[in-house]
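**Q** Before I ask anything, let me first share the structure, which is written out below as structure tokens.
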Amino acid sequence: MTERLFEGADWDFHTLQRITDACEEVATKDLGLDVYPNQIEVITAEQMLDAYSSVGMPLFYKHWSFGKQFAFHEASYRKGLMGLAYEIVINSSPCISYLMEENTATMQTLVIAHAAFGHNHFFKNNYLFRQWTDADGILDYLDFAKKYVMSCEDRYGRIEVERTLDAAHALMSHGIDRYPGKKKLDLRAEEKRAGRRRQHEEEVFNDLWRTVPAGKSKTRSAISIERRRKLLGLPQENLLYFLEKSAPRLAPWQRELLRIVRHIAQYFYPQSQTKVMNEGTATYVHYRIMTKLHQQGRITDGNFLEFLQSHTNVVFQPEFDDPRFSGFNPYALGFAMMQDIERIVTRPEDEDREWFPDIAGKNDVMGVLRDVWANYRDESFIAQFLSPKLMRHLRMFHLHDDPEERAGIRVDAIHDERGFRRVRRELARQHDVGYIDANIEVVDVDLSGDRRLILHHHVIKGSQLNETDAKRVLQHLADLWTYDVALIEVDANDKVLREYVVSPRPISAVA
Amino acid sequence: MPIHIIDRRLNPGGKSLENRQRFLRRAKSLVQGAVKKTSQERDIKDVLEGGEVTIPLDGMHEPRFRRDGGTRDMVLPGNKKFIEGDYLQRSGQGSAKDSGPGEGDSEDAFRFVLSRDEFVDLFLDDLELPDLAKRKIAHTESEGIQRAGYTMTGSPANISVSRTVRLALARRIALKRPRKDEIEELEAAIAACTDEDERVVLLDQLEKLKAKTKRIPFIDPLDIRYRRFETVPKPVAQAVMFCLMDVSGSMSEHMKDLAKRFYMLLYVFLKRRYKHVDIVFIRHTDRAEEVDEQTFFYGPASGGTLVSSALQAMHEIVRERFNPSDWNIYAAQASDGDNSYSDGELTGMLLTDKILPVCQFFAYLEVGESGGSAFDLSDSSLWTLYERLRNSGAPLSMRKVSERSEIFPVFHDLFQRRETSQEKTAP
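Right, here's the structure in full:
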């Protein structure tokens with residue numbers, strides 16, 4: 001019998017090392033995972049709270065909203081309303097996992113298997129992360145961002161910087177490139193570029209240029225609307241990008257701040273699209289590793305039971321009429337789907353052969369799963385791999401709530417032969433970020449007139465913007481654009497549903 | 001694959017402190033309002049304990065483009081009896097419907113915990129001690145020592161090594177003192193050299209370098225610097241607070257409670273401004289005595305009322321133990337306003353001639369029964385007396401209090417930051 005990794009609940013750093021080695025052995029040999037180098041850091045509850053308030057990152061620029069987050073988390077933690085996560089893992093290379101010091105040895109094993117191998121593999125291999133994030137550069141970039149924001153505060157004042165960041169944060173959800181095409185982000189180069197640009201500005205600065213008389217400006221009528229839109233890259237759904245490139249009166253440092261916020265939003269974009277998959281992967285991996293360690297006799301029955309208890313808590317899915325219900329638990333759904341795929345690959349039934357001819361009975365579980373983990377996001381993953389059996393097991397049904405419908409909320413589909421595909425399509429759509437976020441884009445700028453910026457919100461299914469919030473965000477947008485901003489909500493037939501017009505606030509009033 | 005395991009627990013905590021302060025600064029007016037509101041409801045002992053406050057989220061809201069309304073579709077788990085085509089009644093906000101996350105309009109109040117220091121800071125933020133500067137530096141006997149740069153002369157104990165070495169290094173570089181490795185290099189070259197002529201040249205060079213090394217010392221007396229200290233007058237960092245209270249039979253428990261609250265606030269306030277705060281409790285009926293806190297608030301006593309006795313006692317204590325040039329003196333007197341008629345003149349004289357000149361601040365708090373109806377009748381004898389004194393220019397602060405909840409506003413009002421001249425004339 002193999003030697004036990006630990007006895008009881010206590011651990012020390014040698015134990016952690018043994019645990020990590022044991023997990024790594026299973027992860028690479030049995031599961032064939034491919035991970036970034038691991039860095040495991042043990043932290044206290046207070047440090048965990050700190051990490052919470054800076055979106056889990058070890059370093060971040062300073063902003064009051066993070067302080068608000070911190071105050072909020074701290075209050076609920078102290079009152080016992082909220083437990084802290086067992087770990088936080090960062091998509092970087094090396095992949096940093098934070099472990100809480102108060103975890104027991106079993107929990108540390110679980111967490112190392114979950115984060116340092118499960119999440120880590122997903123970060124390294126999933127196409128979205130490969131496409132959109134730069135794991136090697138992110139920590140350096142955050143360091144640059146932090147210092148840059150600080151230097152801006154020194155040069156231009158805290159209030160000015162805060163104002164720009166407030167506005168940028170409000171637009172953060174619309175500061176993302178959804179479609180690849182541009183070159184991959186290289187955050188190290190990005191950081192150098194910013195430095196070079198600043199230096200260049202300082203070197204070539206000559207106040208005389210200001211005094212050179214300008215010639216007569218060309219008439220703009222020559223430029224057709226189409227050409228103008230093309231020059232500005234319209235329509236553009238990345239509002240922060242558009243402002244950074246085209247807002248007429250922003251100072252260079254403000255553009256750089258918008259760019260920083262945009263890059264960070266982009267960095268987190270894959271995470272919001274892969275919650276189910278990411279957690280499903282990590283949970284599946286930790287389950288496999290823990291089971292294997294138990295089989296090898298490296299953890300005791302008692303420790304394994306302790307693990308099972310945490311594991312079942314994590315993958316608990318309350319039903320819709322349960323007071324604890326708050327939507328699908330990504331851990332539960334993800335884990336169930338991964339296990340279901342394992343079942344389809346190894347022990348398919350006729351139904352599975354019909355639904356999943358490509359993978360049914362293929363017998364190479366890890367091969368199939370690794371392929372899935374690499375090439376799908378939540379929406380496509382559910383649309384492809386949610387099986388009728390699992391739908392039946394979770395007893396899924398689809399509700400359609402049309403406010404116009406007097407009779408009430410209609411049950412549109414249930415887990416039966418007629419409903420499987422519709423339920424699945426609808427659930428996939430619920431996990432489609434492109435569908436969840438409002439579809440807003442810049443469509444035109446009235447350059448020859450009052451420079452009004454015109455945005456369209458393409459309303460889907462009659463769901464319009466929340467008025468108070470929309471006005472506030474538009475106010476921020478107008479402050480950055482420095483001219484009027486109009487937002488027009490149009491439905492699928494281009495019918496105007498509502499129009500907002502907001503004027504920028506004078507600088508002094510804002511400060 | 002190498003795995004790094006790092007213990008971060010010893011890293012300095014409080015990484016969020018800066019952000020938290022930014023948040024508090026931004027929400028200052030809101031938090032301050034909340035603090036005042038909270039402190040009114042609180043028991044006096046807890047007032048400084050920090051704790052939870054609730055602020056409206058309005059000013060702190062971070063807007064995003066959000067959608068609401070419209071047709072909603074959702075897939076849910078746990079179907080029990082529904083079949084396709086069923087209709088569910090909308091029951092206002094049914095449990096199935098209400099799955100939206102908390103961000104939004106519903107988020108109208110924000111609760112969080114303030115630390116003790118933050119709480120007191122905010123609570124006392126716009127308050128100021130009157131006449132703080134008066135005796136701050138004047139007539140100080142005590143002197144403190146403070147660093148004041150460097151000098152060329154001094155005692156060996158005060159040599160600043162880092163500064164000396166830095167200057168020596170600068171001098172050696174400026175005078176091009178040969179470095180040790182240069183000489184070693186040359187010696188090595190000589191050892192390796194075979195050509196006799198070249199050897200002579202090199203030896204000559206070595207000689208020169210060595211001579212130069214000797215000429216230019218590693219540390220020259222010129223380099224030596226001493227830390228310089230100078231003495232500065234130290235501001236008086238101690239204060240004494242006199243609590244005077246009438247404990248005659250007419251003072252009820254409620255009145256004493258009010259007085260106690262006021263004293264505690266004053267104590268906290270002084271404690272923040274001075275390193276050391278002494279408290280002297282003087283209770284009086286027709287006789288005054290210095291007592292400990294327990295006796296002061298809870299000890300039984302009875303008798304008539306002579307305010308002058310307390311003032312006399314205070315005067316004596318000041319003379320004996322608290323030299324006005326060493327101590328900042330604050331006094332707060334609480335009474336229900338009764339005083340025997342014949343005592344008025346003596347009280348007035350003691351106050352204006354003896355007490356007020358040495359005091360930084362003298363507050364008179366007239367406490368009344370809950371409900372406060374007594375105040376509507378007529379001013380008490382003490383109030384009338386003090387008011388007359390004040391009108392003739394004595395620096396007295398006086399307030400009437402009859403409810404617990406009034407203590408904080410009154411305290412605030414007394415110490416509000418204002419023009420210096422107004423203090424005397426303010427009601």
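Protein chains in written order, with my numbering: chain A, 1 to 511; chain B, 1 to 427. Note that beta-carbon positions come from the ideal geometry of N, C-alpha and C, so glycine has one too.
(1) Assuming the contact rule is C-beta atoms closer than 8 Å, Gly304/B and Ser340/B should be a hit. Round their C-beta distance to whole Å, please.
(2) May I ask you to report which of helix, strand or coil DSSP gives Lys15/B?
(3) Helix, strand or coil for Lys495/A? Go by DSSP, reduced to three states.
(4) Is it true that the region 118 to 138 of chain A meets the region 277 to 290 of chain A, where meeting means three or more beta-carbon pairs spaced less than 8 Å apart?
(5) Check whether the region 393 to 406 of chain A touches the region 70 to 90 of chain B, taking contact to mean three or more Cβ pairs, one atom from each stretch, closer than 8 Å.
(6) Look up Ala247/A in the DSSP assignment and say whether it is helix, strand or coil.
(7) Rounding to the nearest angstrom, what Cα-Cα distance links Asp412/A and Tyr87/B in this structure?
(8) Pull the bridge partners of Ser397/B from the DSSP assignment, please.
(9) Closest to Gly33/B by C-alpha separation, out of Leu414/B, Asp195/B, Phe408/B, would be which residue?
(10) Who are the neighbours of Glu18/B on chain A, taking C-beta pairs under 7 Å?
(11) Which residue spans inside the region 106 to 130 of chain A form an unbroken alpha helix (DSSP H) run of at least 4?
(12) Verify whether the separation of the beta carbon atoms of Phe65/B and Leu465/A is less than 7 Å.
(13) Along the region 91 to 112 of chain A, where does the CB come closer than 8 Å to a CB of chain B? Name the residues.
(14) Taking 8 Å as the threshold, find out whether the region 439 to 452 of chain A comes into contact with the region 126 to 140 of chain A through three or more Cβ pairs.
(15) For a quick check, are the C-beta atoms of Val277/B and Ala239/B less than 7 Å apart?
(16) Give me the Cβ distance between Ile299/A and Thr109/A, rounded to the nearest whole Å; I'm assuming they're in contact under 8 Å.
(17) For my contact list, Leu30/B and Pro56/B are in at a C-beta cut-off of 8 Å; report their separation, rounded to the angstrom.
(18) Which residue's Cα is closest to the Cα of Pro363/A: Pro348/A, Arg392/A, Asp371/A?
(19) Let me check understanding here. Comparing Cα to Cα, which of Leu209/B, Leu222/B, Glu62/B, Ala331/B lies closest to Arg166/B?
(20) Please list the terminal residues of the continuous beta strand (DSSP E) segment that includes Leu399/A.
(21) I want to verify the contact list: residues of chain A whose CB lies under 9 Å from the CB of Met60/B, in sequence order.
(22) Going straight from the alpha carbon of Ala407/A to that of Asp73/B, what length do you get?
(23) First and last residue of the alpha helix (DSSP H) that includes Arg72/B?
(24) Tell me, which residues are paired with Ala413/A by DSSP?
(25) If we call anything under 7 Å between Cβ atoms a contact, is Thr291/A one with Arg377/A?
(26) Using 8 Å as the cut-off, can you tell me whether the region 289 to 296 of chain B makes contact with the region 225 to 232 of chain B, which would need three or more C-beta pairs spanning the two stretches below that distance?
(27) Should the region 264 to 278 of chain A be called in touch with the region 163 to 179 of chain A, which here means at least 3 C-beta pairs below 8 Å?
(28) Looking only at its own chain, which residues have a Cβ that is under 6 Å from the Cβ of Arg451/A, when we skip the five neighbours before and after it?
(29) Kindly list, in the order they appear in chain A, the residues whose Cβ is closer than 9 Å to that of Gly69/B.
(30) Compute the beta-carbon to beta-carbon distance between Asp257/B and Ser335/B, rounded to the nearest angstrom, for a pair I have assumed lies under 8 Å.
(31) Going straight from the alpha carbon of Lys97/B to that of Leu171/A, what length do you get?
(32) Would you report the Cα separation of Glu62/B and Asp121/B, rounded to the nearest angstrom?
(33) Quick check: is the beta carbon of Ile137/B nearer than 7 Å to any beta carbon in chain A?
(34) Can you tell me whether Trp209/A is buried or exposed, with buried defined as 16 or more other CB within 10 angstroms of its CB?
(35) Taking 7 Å as the limit between beta carbons, can you name the residues of its chain near Tyr386/B, skipping five residues before and five after?
(36) Quick check: is the beta carbon of Phe397/A nearer than 7 Å to any beta carbon in chain B?
**A** Short version:
(1) 6 Å
(2) coil
(3) coil
(4) yes
(5) yes
(6) coil
(7) 9 Å
(8) Ala363/B
(9) Phe408/B
(10) Lys62
(11) 120 to 125
(12) yes
(13) Pro94, Tyr98, Glu101
(14) no
(15) yes
(16) 7 Å
(17) 6 Å
(18) According to the sequence displayed, residue 363/A carries Asn and not Pro. For the residues Pro348/A, Arg392/A, Asp371/A, the minimum Cα distance to Asn363/A belongs to Pro348/A.
(19) Leu222/B
(20) 397 to 401
(21) Trp64, Ser65, Lys68
(22) 16 Å
(23) Counting along the chain, Arg72/B falls outside any alpha helix (DSSP H), though it belongs to the beta strand (DSSP E) covering 72 to 76.
(24) His398/A
(25) no
(26) no
(27) yes
(28) Tyr483
(29) Pro403, Gly462, Ser463, Gln464, Asn466
(30) Asp257/B to Ser335/B, Cβ: 14 Å. No contact.
(31) Caution applies to Lys97/B, whose pLDDT of 39 falls short of 50 and renders its modelled position unreliable; the value that the coordinates give is listed next. If you take the alpha carbons of Lys97/B and Leu171/A, they lie about 28 Å apart.
(32) 26 Å
(33) In this predicted model, Ile137/B has a pLDDT of only 43, less than 50, meaning its place in the structure is not dependable enough to derive any value.
(34) exposed
(35) Tyr364, Leu396, Met398
(36) yes
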